[in-house]
Structures are given as C-alpha cells and as structure tokens.
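Trainee: If you scroll down you'll find the structure; I have some questions about it.
In this note's numbering, the protein residues as written are 287 to 530.
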C-alpha cells in the first residue's frame with residue numbers, strides 16, 4: 287500500500303507557496319538493483335531538489351518545507367512544485383544528456399551548501415551518466431530455439447544502439463571520472479564505509495588494482511554482488527551492471 291503525506295513548500299527566492307508530498311510507505315512489487323547503488327522500483331524517485339513553479343529557480347526541498355501540516359483546503363488550492371522531470375519529457379531526445387548537464391550545472395554553481403547535499407548531487411550525476419548505457423549494454427543469451435530466432439532479428443539493431451550509447455558515454459568520461467574522484471573522497475570522509483560499494487566506485491573509475499585491494503578486505507558474506515564485482519574487476523570492466 288502506498289501512502290503519502292502532504293506538505294507545503296515556500297520558495298526561498300520568491301516566497302511562492304507550493305504543494306508537494308512525502309512518500310510515507312509503499313510496497314515494492316519488482317525492483318532492479320544496479321552496482322552503482324541505483325534501484326529501479328517502479329516508484330518515482332523522491333527528488334530532494336525542487337523547482338519553483340513561478341520563478342523557475344531550484345531549491346532544496348528540506349530547506350523549503352514549512353514546519354507544520356498544511357490546511358487541506360489551502361493545500362488543495364496551491365500549485366505543485368516542479369522537479370527535473372517537469373523540465374523535459376523523459377522520452378524526449380536528449381533527456382539523458384539533459385540530466386547530466388542539469389546536475390553538473392548545480393554542482394558547478396555550488397548549489398549544495400554542505401557535503402551531504404553535494405554527495406546527493408554527485409550521486410545523481412553518476413547515475414545520469416551511467417543511464418546512457420545502463421539499459422543498453424550486455425545481451426542475455428537465448429535459452430531455446432524460439433528465443434534464438436527472436437534474438438537474431440533484434441541483435442543487429444540493439445548492437446547499433448549499444449555502440450551509439452557507448453560512444454556517447456565516452457564523451458562524458460572526463461566528467462564521469464572527475465565526479466567519481468570527488469564522490470569517493472566525500473564517501474570515505476563521511477565514514478561508515480561499505481567496502482563493496484567503495485570497491486565498485488574505484489572499479490568504475492578504472493583503478494582496478496585499488497578496487498581489488500579494497501575488495502580483498504571484505505570479510506562478510508560473499509553474496510551475489512561480491513561475486514559479480516570480483517569478476518568485473520578481474521576482466522577490467524568499468525561499466526555499471528545489474529545485480530539480479
């Protein structure tokens with residue numbers, strides 16, 4: 287069951303009041319987990335960065351939420367706050383690159399006023415660059431003749447799209463690496479480090495020696511993530527991968 291809590295936001299720039307909601311609980315029916323920490327659950331992500339519907343400037347939701355429950359009659363009359371999904375349709379050409387440029391601009395403009403917020407923006411940027419190839423690399427092997435026939439028909443087209451996206455990914459490689467370096471620094475500084483996650487960040491950065499060294503210190507359950515990550519380090523693959 288999905289439940290929401292209504293809140294009112296006040297734009298820090300122009301003072302406009304807007305309605306929004308907080309997700310209180312929901313049931314996950316299916317989820318796809320990825321090595322970079324992203325989870326596809328079918329539920330829209332709760333964006334920490336909102337955009338004013340009047341002045342169109344971004345602001346942090348936590349900083350703009352009024353400290354009291356809204357009057358329901360008043361809240362119903364307010365317009366909703368915007369977020370990145372309202373700036374460009376997710377299925378429009380250029381959506382993936384738009385996300386990259388959006389989060390990178392916020393970082394460059396020092397939109398985050400503390401390291402927790404900076405980590406959030408840099409994680410969103412990491413995911414945005416990885417989204418260029420997230421759903422378009424790797425091909426599942428056919429398990430029977432019927433699947434093989436279908437696979438042959440679609441393989442050429444999928445391979446062309448995969449190659450196109452890999453080339454696009456390469457154009458952001460310098461930004462990707464620079465962002466990862468800062469993200470690694472912030473993650474270690476924060477403390478309470480997950481060695482598998484840290485090793486994976488070094489793997490994506492291309493520092494396989496460091497990734498292998500960190501993974502060797504992991505002494506807990508050798509789960510699926512551990513086994514897959516170990517193999518990716520062994521074959522020197524930098525790309526994001528599915529955990530299921």
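Beta carbons: idealized from backbone N, C-alpha and C, even for Gly.
Whole angstroms is fine: what's the gap from residue 467's alpha carbon to residue 448's?
Mentor: By 1-based counting over the chain shown, the position of residue 467 is 181. By 1-based counting over the chain shown, the position of residue 448 is 162. Near 26 Å, if we compare the C-alpha coordinates of residue 448 and residue 467.
Trainee: Residue 472 and residue 401 look like a contact to me (Cβ under 8 Å); what is the Cβ gap, rounded to whole Å?
Mentor: Numbered from 1 along the chain shown, position 186 holds the residue referred to as residue 472. Numbered from 1 along the chain shown, position 115 holds the residue referred to as residue 401. Indeed they touch by this definition, with Cβ atoms about 6 Å apart.
Trainee: Between the Cα of residue 460 and the Cα atoms of 318, 421, 492, which residue gives the shortest distance?
Mentor: Locating residue 460 in the chain shown gives position 174, where the first residue counts as 1. The candidate whose alpha carbon is nearest that of residue 460 is 492.
Trainee: Any idea if residue 344 is buried or exposed, counting beta-carbon neighbours within 10 angstroms, 16 or more meaning buried?
Mentor: Translated into positions along the chain shown, residue 344 becomes position 58. It is buried - the Cβ of residue 344 has at least 16 other Cβ atoms within 10 Å.
Trainee: Cα-Cα, which of 406, 497, 384, 299 is closest to residue 465?
Mentor: For the purposes of this step, residue 465 is taken as residue 179 along the chain shown, with counting starting at 1. Cα-wise, what sits closest to residue 465 is 406.
Trainee: Which full runs of the alpha helix (DSSP H) of 4+ residues lie inside the segment 484 to 519, going along the chain?
Mentor: Runs found: 494 to 502.
Trainee: Between the alpha carbons of residue 510 and residue 409, how many angstroms are there, rounded?
Mentor: As a working mapping, residue 510 is identified with position 224 in the chain shown. As a working mapping, residue 409 is identified with position 123 in the chain shown. Using only the alpha carbons, I get a separation of about 23 Å.
Trainee: Report the three-state DSSP secondary structure of residue 296 (helix, strand or coil).
Mentor: Taking the first residue of the chain shown as position 1, residue 296 is located at position 10. Residue state, collapsed to three classes: strand.
Trainee: If the criterion is Cβ atoms closer than 9 Å, does the pair residue 451 and residue 418 meet it?
Mentor: By one-based count along the chain shown, residue 451 stands at place 165. By one-based count along the chain shown, residue 418 stands at place 132. Taking 9 Å as the Cβ cut-off, residue 451 and residue 418 qualify as a contacting pair.
Trainee: Span of the beta strand (DSSP E) holding residue 335?
Mentor: The sequence position of residue 335 within the chain shown is 49, counting from 1. Its beta strand (DSSP E) spans residues 335 to 337.
Trainee: Which one of 340, 474, 499 has the shortest CA to CA distance from residue 369?
Mentor: For the purposes of this step, residue 369 is taken as the residue at position 83 of the chain shown. Nearest of 340, 474, 499 to residue 369, Cα basis: 340.
Trainee: So, at 7 Å on beta carbons, what are the nonlocal neighbours of residue 498 in its own chain, with the 5 sequence-adjacent residues on each side left out?
Mentor: Numbered from its first residue, the chain shown carries residue 498 at position 212. Result list for residue 498: 519, in chain order.
Trainee: Closest to residue 298 by C-alpha separation, out of 350, 333, 307, 326, would be which residue?
Mentor: Counted from its first residue, the chain shown places residue 298 at position 12. With distances taken between Cα atoms, residue 298 lies closest to 350.
Trainee: Hey, out of 494, 346, 514, whose CA is closest to residue 396's CA?
Mentor: Mapped onto the chain shown, residue 396 falls at position 110. Among 494, 346, 514, the Cα nearest to that of residue 396 is on 346.
Trainee: Counting along the chain, where does the alpha helix (DSSP H) carrying residue 384 start and finish?
Mentor: If you number the chain shown from 1, residue 384 lands on position 98. Its alpha helix (DSSP H) spans residues 381 to 394.
Trainee: Can you check which of these residues, 512, 319, 366, 325, is closest to residue 342 by C-alpha distance?
Mentor: By one-based count along the chain shown, residue 342 stands at place 56. It is 366 whose Cα lies nearest to the Cα of residue 342.
Trainee: Measure the alpha-carbon distance for residue 484 versus residue 500 and round it to whole angstroms.
Mentor: The count along the chain shown starts at 1 and reaches residue 484 at position 198. The count along the chain shown starts at 1 and reaches residue 500 at position 214. Taking the straight line from one Cα to the other gives about 8 Å.
Trainee: In three-state terms, what does DSSP make of residue 302?
Mentor: Position 16 of the chain shown, counted from the start, is the residue given in the question as residue 302. Here residue 302 sits in coil by DSSP.
Trainee: Between residue 514 and residue 529, what straight-line distance do the alpha-carbon atoms span, to the nearest angstrom?
Mentor: Position 228 of the chain shown, counting from 1, holds the residue named residue 514. Position 243 of the chain shown, counting from 1, holds the residue named residue 529. Each residue's Cα considered, the two are about 8 Å apart.
Trainee: Straight-line CA distance for residue 445 to residue 399?
Mentor: By one-based count along the chain shown, residue 445 stands at place 159. By one-based count along the chain shown, residue 399 stands at place 113. Whole-angstrom Cα-Cα distance: 42 Å.
Trainee: Output yes or no for whether 9 Å exceeds the beta carbon distance between residue 320 and residue 526.
Mentor: Within the chain shown, the letter at position 34 stands for residue 320. Within the chain shown, the letter at position 240 stands for residue 526. Taking 9 Å as the Cβ cut-off, residue 320 and residue 526 qualify as a contacting pair.
Trainee: Express the C-alpha separation of residue 504 and residue 463 in angstroms, rounding to a whole number.
Mentor: Residue 463 sits at position 177 when you count from the first residue of the chain shown. Residue 504 sits at position 218 when you count from the first residue of the chain shown. So the two alpha carbons sit approximately 24 Å from each other.
Trainee: In its own chain, which residues sit with a C-beta less than 8 Å from the C-beta of residue 290, not counting the 5 before and 5 after it?
Mentor: Start at 1 with the first residue of the chain shown, and residue 290 comes out as number 4. These residues qualify, in order along the chain: 307, 308, 309, 310.
Trainee: Between which residues of its own chain and residue 389 is the CB-CB distance below 7 Å, once the five residues before and five after are set aside?
Mentor: Start at 1 with the first residue of the chain shown, and residue 389 comes out as number 103. Cβ within range, chain order: 407, 410, 411, 414.
Trainee: Where does the unbroken beta strand (DSSP E) through residue 346 begin, and where does it stop?
Mentor: Along the chain shown, one-based indexing puts residue 346 at 60. Unbroken beta strand (DSSP E) run through residue 346: 344 to 346.
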